[in-house]
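Down below is the structure, laid out as structure tokens.
There are 2 protein chains.
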Amino acid sequence: MAAEAERTAVPSGPPCAPHRRRGEILEHAIFDAVLEQLRTVGYAGLTMEGVAVGAHTGKAALYRRWAGKDDLVVDALNHVLPSPCDLPDHGDVRDDLLDLLRRMTEFLNSPAGCALENVIADIEPDGRFAQLLHERVKKPRKQMFLSLLRRAAERGQIRPEAITQLVADVGPALVMQRFSADGPPVPDAYVVSVVDDIVLPLLRAPVAVR
Amino acid sequence: MAAEAERTAVPSGPPCAPHRRRGEILEHAIFDAVLEQLRTVGYAGLTMEGVAVGAHTGKAALYRRWAGKDDLVVDALNHVLPSPCDLPDHGDVRDDLLDLLRRMTEFLNSPAGCALENVIADIEPDGRFAQLLHERVKKPRKQMFLSLLRRAAERGQIRPEAITQLVADVGPALVMQRFSADGPPVPDAYVVSVVDDIVLPLLRAPVAVR
Chain A
-2 MAAEAERTAV PSGPPCAPHR RRGEILEHAI FDAVLEQLRT VGYAGLTMEG
48 VAVGAHTGKA ALYRRWAGKD DLVVDALNHV LPSPCDLPDH GDVRDDLLDL
98 LRRMTEFLNS PAGCALENVI ADIEPDGRFA QLLHERVKKP RKQMFLSLLR
148 RAAERGQIRP EAITQLVADV GPALVMQRFS ADGPPVPDAY VVSVVDDIVL
198 PLLRAPVAVR
Chain B
-2 MAAEAERTAV PSGPPCAPHR RRGEILEHAI FDAVLEQLRT VGYAGLTMEG
48 VAVGAHTGKA ALYRRWAGKD DLVVDALNHV LPSPCDLPDH GDVRDDLLDL
98 LRRMTEFLNS PAGCALENVI ADIEPDGRFA QLLHERVKKP RKQMFLSLLR
148 RAAERGQIRP EAITQLVADV GPALVMQRFS ADGPPVPDAY VVSVVDDIVL
198 PLLRAPVAVR
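Protein sequences, first through last, are from chains A and B. Here my numbering is used: the first residue of the first sequence is -2, the next is one more, and so on. Here my numbering is used: the first residue of the second sequence is -2, the next is one more, and so on.
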């Protein structure tokens, strides 16, 4: 009864706001617990039970939101990765490319990058999780690089005919490979060199005669 | 006594030859057992005991040749990977690049590629094994791409000033990243596109104005 009285004594905000806030706080705690599990036991070792314990909640709270660990991990990664909707727009293709690759590198160099590394290590290439990860995490972010280049072509900064999926993939692929091969941190000088010595020459130079 | 008589009855070959042959057969059986262990239990799960059992030999036979599993795995990988001493020489930079990248892809697409994938997944970036792997497996093979490009520059087929370690790394890095991200097989059309649309334009085109 005392608790009930206290609750009604709290100044009321907009309808649903307190509920929503509690929902978000719980969701963040769950995502934190997912990343912690990925860092410590990897994707293969992660369990709904373990995440529930880490987030101080029950398994029922997880299953109300996610069908299973595949969907939960994909949502947690999307939560910590730079958003695919937030395309940089500095008016210059070099600045845009550097911004996007630096966001990616910053993520890889953070503790969340270690979680991602452990996810990659455990993936079965033909499994449902690999497919989910491709559709909901990788594809929208690959699309960003392509959109960025198309906008640069509209600005007249690069040759429209130079834009292919492979050329759009080169920057992120090199940064990712450097991360996988040598581990973090990927140095900023490497990112700058990828942009200036590989990506931009491919977009600006005329096609080579074979 | 009967066994002794049989052994002396075998026609004698050149000095040491039968011993060496037996040594090689055993070494191959050991390397096969290493790769099988890497495929099934990964680098983390591989033990000298497990390799000895797989090769039908004793642990003592392994420790006579290798100080521990790090050295054994590095030697086994060097044994199955395309040799770093066998630089292709077709007289043409495109043919040379395609040949080298196709050897790499053929390896990745084979069962040994799966063993390598499991090694990569288990690596601690700062550990002794990562260092051994870098020095004795990766570095000599990176050097091949650089040597190949230098020879092409001597033939006048590419611009000498375009040759940097990063440009030499682009081809193998893209193939490796494709393998890690999407799993085997890496299609031949991808390898051809990497050479024709990325590597050669960087080597033949003039430097872009920033």
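Beta carbons are placed, not taken as given, at the ideal position from N, Cα and C, and that holds for glycine.
Determine the closest residue to K66(A) out of G55(A), A41(A) and R152(A), with distance taken between C-alpha atoms.
It is A41(A) whose Cα lies nearest to the Cα of K66(A).
Contact between the segment 95 to 104 of chain A and the segment 174 to 188 of chain A: three or more CB pairs below 8 Å?
Touching, per the Cβ criterion.
If I follow the unbroken alpha helix (DSSP H) through K135(B), where does it start and stop?
From DSSP, K135(B) is part of no alpha helix (DSSP H); its letter is neither H nor E.
For chain B, is any of its Cβ atoms less than 8 Å away from the one on D67(A)?
no
Going by the beta-carbon positions, is the gap between V71(A) and Q154(A) smaller than 8 Å?
no
Could you tell me the boundaries of the alpha helix (DSSP H) in which E114(A) lies?
P108 to D119
Given that Q174(A) touches chain B, what residues does it touch there, using C-beta distances under 7 Å?
A170, M173 and Q174
Find the residues of chain B that neighbour G180(A), judging by a C-beta separation of less than 9 Å, and give them in chain order.
For G180(A), the chain B residues whose C-beta falls within less than 9 Å of its own C-beta are I120, E121, P122, D123 and A127, listed in chain order.
Going by C-alpha to C-alpha distance, which of S177(B), P81(B) and D179(B) sits closest to L143(B)?
The candidate whose alpha carbon is nearest that of L143(B) is P81(B).
Can you give me the Cβ contacts of P181(A) inside the same chain, cut-off strictly under 7 Å, excluding the 5 residues immediately before and after it?
L105, N106 and G110
Who are the near neighbours of A112(B) in its chain, counting only those whose CB is closer than 6 Å to its CB and skipping five residues on each side?
If we look at A112(B) and ignore the five residues flanking it on each side, its Cβ neighbours are L32, L35 and R36.
Does D185(A) have its Cβ less than 8 Å from a Cβ in chain B?
no
So if I threshold CB-CB distances at 9 Å, which residues from the segment 87 to 103 of chain A count as touching chain B?
R91
Is there a Cβ of chain A sitting closer than 8 Å to that of I160(B), yes or no?
no
Determine whether the Cβ of P81(A) lies closer than 8 Å to any Cβ atom of chain B.
no
Can you tell me whether G125(A) is buried or exposed? The criterion is at least 16 other CB atoms within 10 Å of its CB, across all chains shown.
With the sequence shown as reference, residue 125(A) is identified as Arg, and Gly is not the correct amino acid for it. When all chains shown are included, R125(A) counts as exposed.
From I195(A) to G168(B), what does the alpha carbon distance come to, in whole angstroms?
If I take the Cα positions, the gap works out to 11 Å.
Run the CB neighbour count on D123(B), radius 10 Å, all protein chains shown included, and call it buried at 16 or more, exposed below.
exposed
Using only the alpha-carbon positions, how far apart do F28(B) and L59(B) sit?
F28(B) and L59(B): Cα-Cα distance of roughly 11 Å.
Please state the DSSP three-state secondary structure of V191(B).
helix
Taking 8 Å as the threshold (beta carbon to beta carbon), is P157(A) in contact with chain B?
So no, P157(A) is outside the interface.
Determine, using beta carbons only, whether L23(A) and T54(A) come nearer to each other than 8 Å.
For L23(A) and T54(A), yes; Cβs fall inside 8 Å.
Please return the same chain residues whose Cβ sits closer than 6 Å to the Cβ of L146(B), not counting the five positions on each side in sequence.
Excluding the 5 residues flanking it on each side, L146(B) has same chain C-beta neighbours closer than 6 Å at I160 and A165, in chain order.
May I have the straight-line CA-CA distance separating H131(A) from P108(B), to the nearest angstrom?
24 Å
Could you tell me which chain B residues have their CB closer than 9 Å to the CB of D29(A), listed as they occur along the chain?
Those within 9 Å of D29(A) in chain B number zero; the least Cβ separation is about 24 Å.
Closer than 6 Å by C-beta to R133(A): which residues in its own chain qualify, once you throw out the five before and the five after it? Chain order, please.
V71
Using a Cβ cut-off of 8 Å (strictly closer), state whether P198(B) contacts chain A.
yes
Note down the Cα distance separating D86(A) from E114(A), rounded to an integer number of angstroms.
29 Å
Please check if any C-beta of chain B sits within less than 8 Å of the C-beta of S107(A).
no
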